[in-house]
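Right, one structure below, let's go through it.
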Amino acid sequence: MMKTTFFIADLHLSDDTPKLNALFVQFMNEHAPKADALYILGDLFEAWIGDDNDSETAKQVAQTIKQFSQFAPVYFIAGNRDFLVGKDFARRANMTLLPEQTVIKRYQQRLLLTHGDEMCLDDVVYQRYRRVMRNGLVRFILCHLPLKWRKQIAAKLRDKSRSRKVLPQNYQVADVSEQGIQAAYQRFAPIDVLIHGHTHRPDVHIHSINQNRLQRYVLPDWREHDNKCGFLALNEHGITFGEWLFMQPENKQQESKSL
Ligand code: MN
2 MMKTTFFIAD
12 LHLSDDTPKL
22 NALFVQFMNE
32 HAPKADALYI
42 LGDLFEAWIG
52 DDNDSETAKQ
62 VAQTIKQFSQ
72 FAPVYFIAGN
82 RDFLVGKDFA
92 RRANMTLLPE
102 QTVIKRYQQR
112 LLLTHGDEMC
122 LDDVVYQRYR
132 RVMRNGLVRF
142 ILCHLPLKWR
152 KQIAAKLRDK
162 SRSRKVLPQN
172 YQVADVSEQG
182 IQAAYQRFAP
192 IDVLIHGHTH
202 RPDVHIHSIN
212 QNRLQRYVLP
222 DWREHDNKCG
232 FLALNEHGIT
242 FGEWLFMQPE
252 NKQQESKSL
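Numbering-wise, the sequence shown is residues 2 to 260 according to this note's numbering.
Right under this line is the structure:
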């Protein structure tokens, strides 16, 4: 059987997204036997307060990824919301943490993988916030606050993102800028394919940089009430967008009864 490399991003899982968490478990269990690798390109979690996070979601996700990893390796690139995911959680989930921009080689092509927020250079306010948050000292202090405090901070962030969903105009994430794409490209050139998430604008774009052709695939985000999720699949035939529909547990039972 031809194996597939899967890419997902922007699931934004939390204890507030039970349907999405169930969808993730189902997606993982169904795709593991067909996979040769899975790349999670950030914002797997809506918020991450440190690897001592004892939420139900954290436990379920760790267990699900660990199970997947019995079939194929799982790689994780942090997003802007879960950049505090660290070695302890990676060990629990049996996944490998990768640098925020990572090049892999597949089928004679060089693919650059990233969450993508670092390419949104037009959002000056966000880039300033990002520099502060990703600073080693700030990270250290954040991680050493009492768990209770960090839970309160996370709850506030969740409230904020809930109100953001009420106001669609606030839901917009800045798009990546041409300058940001060029900077990423120059750092690892030559690159054939760039895969990222973050912007929630699934699409494929063709860029021409110094007479080189760059294909840019933007991953879809996952949503609580969609009952489906999107991903990218790479095999020897190329890259395609895929969609996975949630199968209701009762249908599954019917299915197994008829066997
Ligand atoms: Mn993001």
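Ideal Cβ positions, reconstructed from N, Cα and C, are used throughout, including at glycine.
Here the structure is a predicted model, which means the values were calculated and not measured.
Should residue i be labelled buried (16 or more other beta-carbon atoms within 10 Å of its own) or exposed?
i: Glu119; result: buried
i: Val75; result: buried
i: Asp55; result: exposed
i: Thr241; result: exposed
i: Tyr186; result: buried
i: Ile78; result: buried
i: Phe141; result: exposed
i: Glu237; result: exposed
i: Leu148; result: exposed
i: Arg132; result: exposed
Looking at the unbroken alpha helix (DSSP H) that takes in residue i, where does it start and where does it end?
i: Phe25; result: 19-32
i: Asn64; result: Looking at the sequence itself, residue 64 is Gln, so the reference to Asn does not match. 57-69 is the span of the alpha helix (DSSP H), which, as asked, contains Gln64.
i: Asp89; result: 88-94
i: Gly9; result: The question names Gly, but residue 9 in the sequence shown is Ile. Premise fails: Ile9 lies in the beta strand (DSSP E), 5-9, not in any alpha helix (DSSP H).
i: Ile78; result: Note, Ile78: premise wrong, no alpha helix (DSSP H); not H, not E.
i: Val205; result: Val205 -> not in any alpha helix (DSSP H); beta strand (DSSP E) instead, spanning 204-210.
i: Phe141; result: 137-144
i: Met2; result: Per DSSP, Met2 belongs to no alpha helix (DSSP H) and is neither H nor E.
i: Val174; result: From DSSP, Val174 is part of no alpha helix (DSSP H); its letter is neither H nor E.
i: Phe189; result: 179-189
i: Arg129; result: 125-134
Quickly, what does DSSP pair residue i with across the bridge? List them, please.
i: Leu113; result: Val104, Leu195
i: Gly51; result: DSSP output for Gly51 lists no bridge partner at all.
i: Asn236; result: Gly239
i: Trp245; result: Cys230
i: Thr97; result: Tyr76
Shorter than 7 Å, the distance from the beta carbon of residue i to the closest heavy atom of ligand 1, or not?
i: Leu176; result: Here residue 176 turns out to be Asp, not Leu, going by the sequence shown. Checking every heavy atom of ligand 1 against the Cβ of Asp176, none is found closer than 7 Å.
i: Arg202; result: no
i: Asp124; result: no
i: Arg82; result: yes
i: Gly43; result: yes
i: Asp160; result: no
i: Asp118; result: yes
i: Asp1; result: Only positions 2 to 260 of the chain appear in the structure, and residue 1 is not among them; the question remains open.
i: His197; result: no
According to the Cβ coordinates, are residue i and residue j closer than 8 Å?
i: Tyr40; j: Leu85; result: no
i: Phe46; j: Leu21; result: no
i: Ala63; j: Arg93; result: yes
i: Ile66; j: Asn95; result: yes
i: Gly117; j: Thr200; result: yes
i: Gln216; j: Ile210; result: no
i: Leu158; j: Ala10; result: no
i: Leu122; j: Gln180; result: yes
i: Gly231; j: Gly239; result: no
i: Leu99; j: Lys88; result: no
i: Lys4; j: Lys35; result: yes
i: Asp52; j: Asn81; result: no
i: Gln110; j: Val26; result: no
i: Trp245; j: Phe28; result: yes
Grab the span of the beta strand (DSSP E) containing residue i for me, first residue to last.
i: Gln216; result: 213-219
i: Asp36; result: The residue asked about is misnamed: residue 36 is Ala in this sequence, not Asp. Its beta strand (DSSP E) spans residues 36-41.
Within the 8 Å Cβ cut-off, does residue i reach chain B?
i: Ile210; result: Although the question refers to chain B, the structure presented lacks it and comprises just one protein chain.
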